[in-house]
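Participant: Numbering (UniProt numbering), first residue to last: 1 to 154.
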């Protein structure tokens, strides 16, 4: 059983190893958190470079993890992934997007509307189901928000 929490990572160093589509998805979820994001990879998508994040377009080195609070392993290179796992410190939260068993945490599907944030998780066991539930909850939340606006305008 996992323990669901929300973390304030404002100003915390978040290191993403990898520069492809998975890294891009993680950045999109992190960009508004106020985290200090560093992306490290030999090749980084132009879409990632367009974000206000620090970029090191180079091969992974242990030094890249220094001072990191949270790490995302987003490469398709098993050797690099294992090096990051080996180099990570016990006080660093690790999300290995290639192997959930290596992760301290994983991301939930979320629906956000105004001040409401709903997290949806199947514990990583059925992402397709979480995505379906996210769509349904998103529609429900949208309907409720629309109804609230209608009621206020009466």
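C-beta atoms are modelled at their ideal positions from N, C-alpha and C, and glycine is treated no differently. Predicted model only: the values in this text are computed from it and were never measured.
Would you mind reading off the limits of the beta strand (DSSP E) that contains residue 56?
Facilitator: Where residue 56 is concerned, the enclosing beta strand (DSSP E) stretches over 54–56.
Participant: On the criterion of 16 or more Cβ atoms from any shown chain inside 10 Å, does residue 41 qualify as buried, or is it exposed?
Facilitator: Per the 10 Å Cβ criterion, buried.
Participant: Helix, strand or coil for residue 2? Go by DSSP, reduced to three states.
Facilitator: DSSP places residue 2 in coil when its eight states are reduced to three.
Participant: Is the segment 47–57 touching the segment 13–32 in the sense that three or more CB pairs, one from each, lie closer than 8 Å?
Facilitator: Yes, the segment 13–32 touches the segment 47–57.
Participant: Going by DSSP, which residues form a beta bridge with residue 14?
Facilitator: In DSSP, residue 14 forms a bridge with 37 and 70.
Participant: Below 6 Å CB to CB, which residues in the same chain sit around residue 38 once its five sequence neighbours on both sides are set aside?
Facilitator: So the list reads 15 and 54, once near-sequence residues are dropped.
Participant: Anyone know if the C-beta pair for residue 80 and residue 71 falls short of 8 Å?
Facilitator: No; because the gap between Cβ atoms is not below 8 Å, this pair is not in contact.
Participant: Go ahead and label residue 60 buried or exposed: buried means 16 or more other beta carbons lie within 10 angstroms of its beta carbon, across all protein chains shown.
Facilitator: Residue 60 should be labelled buried.
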